[in-house]
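Using our numbering, the letters of the sequence shown correspond one by one to residues 90 to 282. We put the beta carbon where it would ideally sit given N, CA and C, even for glycine. All remarks here apply to the structure that follows.
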Amino acid sequence: AGLTARSALVLRDMLTLQMVRRHDAVDSDLVVADDHQGVGDATRQLLSKGHRRIAYVGGGPGTLSTGQERLNGYLAALATAGLSEQARYELGPPQPDFGHAATRKLLLDFDPPDAIVLGSSQLTIGFLNAVAEIGLPVPEKLSFTGYDDPDWFALWGPGISTVRLPFNEIARAVASLAAGQKINARGASIETT
Numbered sequence: 090a091g092l093t094a095r096s097a098l099v100l101r102d103m104l105t106l107q108m109v110r111r112h113d114a115v116d117s118d119l120v121v122a123d124d125h126q127g128v129g130d131a132t133r134q135l136l137s138k139g140h141r142r143i144a145y146v147g148g149g150p151g152t153l154s155t156g157q158e159r160l161n162g163y164l165a166a167l168a169t170a171g172l173s174e175q176a177r178y179e180l181g182p183p184q185p186d187f188g189h190a191a192t193r194k195l196l197l198d199f200d201p202p203d204a205i206v207l208g209s210s211q212l213t214i215g216f217l218n219a220v221a222e223i224g225l226p227v228p229e230k231l232s233f234t235g236y237d238d239p240d241w242f243a244l245w246g247p248g249i250s251t252v253r254l255p256f257n258e259i260a261r262a263v264a265s266l267a268a269g270q271k272i273n274a275r276g277a278s279i280e281t282t
């Protein structure tokens, strides 16, 4: 996201490493978090707490490469639990405004979810604004899990349950790849081309 076609052309002819997300116009090694597993784990955690109407709000088509993997993790967790037909999700730009609008849409539905998994910290900001606006008590009436773990999450009430991204491991893996070393990066997924 944000990479112009001209920039992609320049990068295509350089030794490049991609970190956190893939840009399809750049053919290079890639080091990312396992987004499928992360959102799947968040969904399974909510399922283990007895939630069955779990919605997902995430980055949508054409936004970031991480969006599809995160959605797939959510869908796979529901499928394993035999709840594929319960899948409800809203996809769009991973920004607070979209998180707010998607949360309102889900919560004001005739059969609102009892839990929501958010696909980014920016979407979590929008979610929190929407539940405050609606006046829905969290976690008493609605559970949720964020994605990513910015410092400000600790400032919200009792804190926010979240999937922490392995940024230190990703950075070490990128540095090792750049130095031409063999790597062992727990929590990071490495694709080489």
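Roughly how many angstroms lie between the CA atoms of residue i and residue j, to the nearest whole one?
i      : j      : result
Glu222 : Ala264 : 44 Å
Gly307 : Pro183 : The chain is shown from 90 up to 282; residue 307 falls before or after that span and cannot be answered.
Gln134 : Ala166 : 10 Å
Asn273 : Gln126 : Residue placement at Asn273 is poorly supported in this model, since its pLDDT is 49, which falls under 50; the coordinates are not used for a value here.
Ala204 : Ala168 : 17 Å
Trp245 : Leu254 : 19 Å
Asn161 : Gly224 : 31 Å
Arg141 : Glu258 : 33 Å
Ser209 : Asn218 : 15 Å
Leu197 : Leu136 : 22 Å
Asp240 : Pro201 : 29 Å
Ser250 : Arg261 : 26 Å
Thr155 : Gly129 : 13 Å
Tyr178 : Ile143 : 9 Å
Pro150 : Arg193 : 20 Å
Going by other Cβ atoms of all chains shown within 10 Å of its Cβ, with 16 needed for buried, is residue i buried or exposed?
i      : result
Asp237 : buried
Ala191 : buried
Ser232 : buried
Gly139 : exposed
Glu174 : exposed
Val124 : Residue identity check: residue 124 is Asp in the sequence provided, not Val. Its Cβ being crowded by 16 or more others within 10 Å, Asp124 is buried.
Gly171 : exposed
Glu229 : exposed
Cβ-heavy atom distance between residue i and the ligand ADP below 6 Å?
i      : result
Ala219 : Of ligands this structure carries none, so the ligand ADP is not represented either.
State yes or no: is the C-beta of residue i within less than 7 Å of the C-beta of residue j?
i      : j      : result
Ala292 : Leu164 : It is not possible to answer for residue 292, since the shown part of the chain is limited to 90 through 282.
Gly188 : Val227 : no
Leu207 : Phe199 : no
Pro185 : Gln157 : no
Thr47  : Gly181 : Outside the displayed range of the chain (90 to 282) lies residue 47, so it cannot be described from this structure.
Ala131 : Val220 : no
What first and last residue would you give for the beta strand (DSSP E) that runs through residue i?
i      : result
Leu136 : Not the beta strand (DSSP E): Leu136 falls in the alpha helix (DSSP H), residues Asp124 to Ser137.
Gly148 : Ile143 to Gly148
Leu180 : Arg177 to Gly181
Go to residue i, then tell me how far its alpha helix (DSSP H) extends in each direction, as first and last residue.
i      : result
Ala168 : Thr155 to Thr169
Give, in chain order, every unbroken run of the beta strand (DSSP E) that is at least 3 residues long and sits entirely within the stretch 196-266. Counting only runs of 3 or more, we get 204-207 and 232-236.
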